[in-house]
Structure formats: C-alpha cells, structure tokens
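See below for the structure under consideration.
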Amino acid sequence: MSYQPNTDPTAPTDDPTGPNATDVTHVTDVDDLSRADLAAVLDLAAEYKVAQRRGWTHADLSGQTLGMLFEKPSTRTRVSFETGMTQLGGHAIFLGEDDIQLGNGEPIRDTARALSRYVDVVMARLFDHADLEELARFSDVPVINGLTDDAHPCQTLADLLTIRETVGPFDDVRATWVGDGNNVAQSFALGCALTGIDCTIATPAGYGVDDAVLDRAGEIGTAPTVTTDPEAAVAGADVVYTDVWVSMGQEAQRAERIDALGPYQVNESLLAAAPDDVSVMHCLPAHRGEEITGQVLEGDRSIVWQQAENRLHAQKGLLGWLQP
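Here numbering that gives the first Met the number 0 is used: the first residue of the sequence shown is 0, the next is one more, and so on.
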C-alpha cells in the first residue's frame, strides 16, 4: 500500500479535543464580553491598580502560566502581560515565531491543542484574525487577542479604564477617533457601543472602520457616527483619540496613506475646534509630526502615559476575571 498524505485539514484525528470541546471563554474582540462582563473586568482592574499603588499584593493567579504567542513585535503588550502575570503570582512564557512550530507549517489547531495541556491561558499577537479565531476554536484554555490586523481588545480595555478615571461615567462621555480606521479604532468602536459612550469616527473616504464592525456596534449598543470632517467631529468631544497612519505591513503604502491622512493630524489647530478641557489619547507608538504633533502628545491635555500604564492594570483585570 503506497503512502497517502492527509490533505484534508478537517479530517478527524484520534485526539478527542477539537472545536468547542469545552466551555471556555475567549476574548477575540471586545464584543466577546457582555456589558456586565466588561464592567466586572474594569472594576477588577481598578481594584488591582489601587492595590499596587498601596503596595498590596495579590496572588490570584498563583501557580498559573500564561503562554504568549507573538508573530508581531511589541513593547507594551509583552511587558504588560508578563509583568501582570508576575504581579498576580503567576508565570508567563514568551513564544516568538522562532520558538514555536507555526512558522514551520504546524497547523494552528495542533498548536492550540498542545498548548492547552501546558498553560492555563494563551495570549496571541498575530497578523491574521482568522488564525486567532482558529486558535481559540481549538483551545481548551482561554485565548486572549493581544492584537491582530482586525482588532485590539486589550488596548480598548485600557482605553475605557483611562476614560473612566479621567473623564467620568461612560454615558456622559463623547469620544472622537481621528485618522485611520484601523484595528484599534474597530475595537474602540465596539467598546464604546458596549459602554454607551457617544463615539464619532472621522476618517478619509476609504480609510474608515469596516462596515461589519459598524453593524456589530449597532447590534450591541449604538453605532458610532461616521464623518470625513475632523473639525466637526471634535466639536464637543471629551476625548480625541488617534493612532499611527502606517501600520505594520503597510509600509509600501506609506506615501499614499500620509497624503490622504494629512488633514487628520491631531494638532493645536484641530484641538482649537474642541472644548478647552478635551483629553487626547494615543495607544503608542506615536510618530510625532505625522498623526499627532509632539506639542500635543507632550501637552497638558495628553493622557497618553496614563493610558499606557493602564494596559498593565486592564490586562490584569482580564486575567483575573478569566481565572477558573
């Protein structure tokens, strides 16, 4: 009998695990959380933040291990998750492309099923959102989206914690996104819909948030207002939020994107159309002189560094909430 390779990736195996093998909560985007879930995560994050400031320790994740899968490099995501697990008494393992078999052709489902036997939770920072969803589908432990090309829910958790701390109750907040309707914008739109924040998104034509995300925001709350006029968008805003114009993998489009997005720079001229007490957010890394000026980023209205710190606390809140 000649050798016949298995070319059907859906063919059954002798492994009893598979899609929906267990009832596990995954966070592939913000809308995997209910409004009550989101409130619980943010409340726990705030509790952990106060405890850290007072020198209190929590060992809520003692004996637990976080597996961190990275296809994309990161500063804030790796450090905040690794530090957060340590502060909660757990342990984190970094797995880059050279450390795992995904880069050598191992199916994602195989990686998911193996990791489920070694770690208690997985955080993955991948390019393709479909890969993240497959990882979650075959994992028997919670999978957290640390960023994909379509979504960045952990950033949104930090954003919402920051807004709650600095601006006030969500129902009274008006937030405006200015610039590229990228993965951060898409998760932020969903987070605003869940919390009742009045959200406006100002982008050039062709650079907006995906229609499917706008539809989903309308299903779980109120869809954001969409406009191409940045000055009108920031009028009355409590928060103005921006991000890079050229994301990883878009380098070949750099000149085209900068030309299209130039009128959407967050600068003193744009903020003159906003209230005097407006707060400015950026998820970092920032390209001073492109999407935001150094004057604004370093100015009194910037809450960017508090926002960056809150990645740590928000993710600790999520990890603590996900614990068995």
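For glycine and all other residues, C-beta sits at the position ideal for the given N, C-alpha and C.
A211 has its alpha-carbon roughly 23 Å from the corresponding atom of T24. When C-alpha distances from L68 are compared across G88, G220, A111, the shortest belongs to A111. Counting along the chain, no beta strand (DSSP E) covers R287, and no H or E run does either.
The C-alpha of A222 lies about 28 Å from the C-alpha of E289. Bounds of the beta strand (DSSP E) holding Y240 are 238 to 241. The closest CA to that of G217, considering only L134, I196, F93, R287, is found on I196. D158 sits buried, since 16 or more C-beta atoms from the chains shown fall within 10 Å of its C-beta.
Here L41 has L156, L159, L160, R163, A313, G316 as same chain residues with Cβ atoms under 8 Å from its own Cβ, once five neighbours each way along the sequence are excluded. At a Cβ-Cβ threshold of 9 Å, G88 and H57 count as neighbours.
Residue burial is scored here from C-beta neighbours: P72 has fewer than 16 other C-beta atoms within 10 angstroms and is therefore classed as exposed. In this structure S278 is in contact with D237, their Cβ atoms being roughly 7 Å apart against a cut-off of 8 Å. Taken through DSSP and simplified to helix, strand or coil, M280 comes out as strand.
Shortest Cα-Cα distance from V121 to any of Q63, T199, L32, V225 involves Q63.
As computed with DSSP, V142 is found in a beta bridge with V121.
P152 is positioned such that its CB atom lies closer than 9 Å to that of T27. Between the alpha carbons of L296 and R287 lies a distance of about 8 Å.
In this structure, the CA atom of G235 is about 46 Å from the CA atom of S61. Along the stretch 146 to 194, the beta strand (DSSP E) occurs as fully enclosed runs of 3 or more residues at 173 to 177, listed in sequence order.
Membership of M247 in any beta strand (DSSP E) is not indicated, and neither H nor E is assigned to it by DSSP. Residue pairing by DSSP puts T199 in a beta bridge opposite T175, T224. Between R173 and A192, the C-beta gap is not smaller than 9 Å, which leaves the two residues out of contact. Taken through DSSP and simplified to helix, strand or coil, I219 comes out as helix.
In this model, A184 and R300 are separated by some 20 Å (Cα to Cα). Rounded to whole angstroms, I302 and T175 show a C-alpha spacing of 15 Å.
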